[in-house]
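Colleague: Here this note's numbering is used: the first residue of the sequence shown is -17, the next is one more, and so on.
Every residue gets a Cβ at the ideal spot worked out from N, C-alpha and C, and that includes glycine.
Predicted, not measured: the structure shown is a model, and the values here were computed from it.
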Amino acid sequence: GSLFTFLAGELAHVSNWPLYYLFCFGTELGNELFYILFFPFWIWNLDPLVGRRLVVIWVLVMYLGQCTKDIIRWPRPASPPVVKLEVFYNSEYSMPSTHAMSGTAIPISMVLLTYGRWQYPLMYGLILIPCWCSLVCLSRIYMGMHSILDIIAGFLYTILILAIFYPFVDLIDNFNQTHKYAPLIIIGLHLALGIFSFTLDTWSTSRGDTAEILGSGAGIACGSHVTYNMGLILDPSLDILPLARPPITATLCGKAILRILIGMVFVLIVRDIMKKITIPLACKIFNIPCDDVRKARQHMEVELPYRYITYGMVGFSITFLVPYIFFFIGIS
-17 GSLFTFLAGE
-7 LAHVSNWPLY
3 YLFCFGTELG
13 NELFYILFFP
23 FWIWNLDPLV
33 GRRLVVIWVL
43 VMYLGQCTKD
53 IIRWPRPASP
63 PVVKLEVFYN
73 SEYSMPSTHA
83 MSGTAIPISM
93 VLLTYGRWQY
103 PLMYGLILIP
113 CWCSLVCLSR
123 IYMGMHSILD
133 IIAGFLYTIL
143 ILAIFYPFVD
153 LIDNFNQTHK
163 YAPLIIIGLH
173 LALGIFSFTL
183 DTWSTSRGDT
193 AEILGSGAGI
203 ACGSHVTYNM
213 GLILDPSLDI
223 LPLARPPITA
233 TLCGKAILRI
243 LIGMVFVLIV
253 RDIMKKITIP
263 LACKIFNIPC
273 DDVRKARQHM
283 EVELPYRYIT
293 YGMVGFSITF
303 LVPYIFFFIG
313 IS
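#1: Under 8 Å: do the segment 195 to 208 and the segment 292 to 302 share three or more Cβ pairs, one atom per stretch?
#2: Can at least three beta-carbon pairs, one atom from the segment 255 to 263 and one from the segment 286 to 293, be found at a separation below 8 Å?
#3: Report yes if the C-beta distance between residue 36 and residue 23 is below 8 Å; otherwise report no.
#4: Residue 100 bridges to which residues according to DSSP?
#5: Measuring CB to CB, does residue 83 end up less than 8 Å from residue 44?
#6: Out of 191, 241 and 102, which one is the CA nearest neighbour of residue 311?
#7: I'd like the ranges of any alpha helix (DSSP H) spanning at least 4 consecutive residues and lying wholly in the segment 9 to 41.
#8: Taking the alpha helix (DSSP H) that residue 159 falls in, what are its first and last residues?
#9: Does the Cβ-Cβ distance between residue 89 and residue 119 come in under 8 Å?
#10: At what residue ranges does the segment 228 to 311 contain a whole run of the alpha helix (DSSP H), taking only runs of 4 or more?
#11: Anyone know if the C-beta pair for residue 41 and residue 199 falls short of 8 Å?
#12: For residue 79 and residue 133, which I take to be in contact (beta-carbon distance under 8 Å), what is that distance rounded to the nearest angstrom?
#13: Quick test of your reading: residue 81 and residue 12, contact by CB under 8 Å. State the CB separation rounded to the nearest angstrom.
#14: If residue 227 sits next to residue 101, beta carbons under 8 Å apart, how far is it from one beta carbon to the other, in whole angstroms?
#15: If we ignore side chains and look at the alpha-carbon of each, how far apart do residue 167 and residue 213 end up?
#16: What's the C-alpha gap between residue 196 and residue 283?
#17: Around the C-beta of residue 174, are 16 or more other C-beta atoms found within 10 angstroms, so that it is buried, or is it exposed?
#18: Please name the residue, chosen from 248, 107, 204 and 278, that lies closest to residue 155 on a Cα-to-Cα basis.
#19: Which class does residue 86 belong to by DSSP, given the choice of helix, strand or coil?
#20: Output needed for residue 194: all residues of its chain with C-beta closer than 7 Å, excluding positions within five of it in sequence on either side, in chain order.
#21: With distances taken between CB atoms, is the gap from residue 141 to residue 130 smaller than 8 Å?
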């Protein structure tokens, strides 16, 4: 039978709990909580080069997706007949699905970036891509947030973006690390993109998300520039590729867990401090009443600097400050 029986005015009745939890997990793979754990995990524990390049691709795909949403302006599926299980994102548009876009871009890029760099059977990658991708895509339909068309459009749009831009990711990453004026160019470019995206439409949750994505992208790129120039993290030379997987030992796992715990605590503290500083500061500069934070944040003058600076610092912490702490306490 149908997954949900929708009774007018009553809550939806979940008839299949395992499926519900599976799709909740699928949707999480496109939310902030996942990103703030996933990218640092790559950068601190697995392979900084792959982590940085994944971020470059993710920023590009998500930015183009969010802007396209605001240009096309298709509303979310109507409810009823659809049961909406995620009310928070209801103020955004639905076409193309940015969840579907990141759910397609991340696994594909992961395989493209690691194959030939690490020794592992390609089969694993070819299994991962459809599983990850379909889990995220189907979860969006299940959650009532997207039509099948939004999902297909998001998937195809991502393939197009990857086909065009993937060849340049190497160049972009090298530029970020080595060019003398890279930080200025990175910050200026990401800020300009943010301001442009804010002119596309009225306020919605996607605005802040766009600024957040751009800010963290800029922060991660600037952090990698500083790390590179200080010689903190050196990428393995090309002649020793493909890299063999190190044997999994208790020490290795212990260090990895320690890095994630210390790193995440630091990142969350940075995020909190920046949030407490930037919102009142932006309100003061632009003369916006600050007593109601939610209301104040609906002003572009508050939301853009708050998200951009806060997540810029989060990104910078992920690629520079945290690895520096690891180096200092001897767990790098």
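Modeller: Answer, in terms of the structure:
#1: The way I'd put it, the segment 195 to 208 does touch the segment 292 to 302; three or more beta-carbon pairs between them come closer than 8 Å.
#2: The answer is yes - the segment 286 to 293 touches the segment 255 to 263, with three or more Cβ pairs under 8 Å.
#3: Not a contact, by the Cβ cut-off of 8 Å.
#4: Within the DSSP bridge table, the entry for residue 100 names 97 and 225 as partners.
#5: Judged by their CB atoms, residue 83 and residue 44 are nearer to each other than the 8 Å cut-off.
#6: Measuring from the Cα of residue 311, the nearest candidate turns out to be 241.
#7: DSSP runs (the alpha helix (DSSP H)) wholly in the segment 9 to 41: 14 to 23.
#8: Run containing residue 159: 151 to 160, per the alpha helix (DSSP H) assignment.
#9: Between residue 89 and residue 119, the CB-CB gap reaches or exceeds 8 Å.
#10: The qualifying runs are 232 to 267, 275 to 278, 282 to 298 and 304 to 311.
#11: Yes. Within cutoff.
#12: Contact holds; Cβ gap of about 5 Å.
#13: Residue 81 to residue 12, Cβ: 4 Å. Contact.
#14: Contact holds; Cβ gap of about 7 Å.
#15: Residue 167 and residue 213: Cα-Cα distance of roughly 21 Å.
#16: Answer to the nearest angstrom: the Cα atoms are 16 Å apart.
#17: Its Cβ having fewer than 16 others within 10 Å, residue 174 is exposed.
#18: Among 248, 107, 204 and 278, the Cα nearest to that of residue 155 belongs to 204.
#19: If DSSP states are grouped into helix, strand and coil, residue 86 belongs with the helices.
#20: Leaving aside the five residues that flank residue 194 on each side, the residues in its chain whose CB is nearer than 7 Å to its CB run, in chain order, 289 and 293.
#21: Contact flag unset, no.
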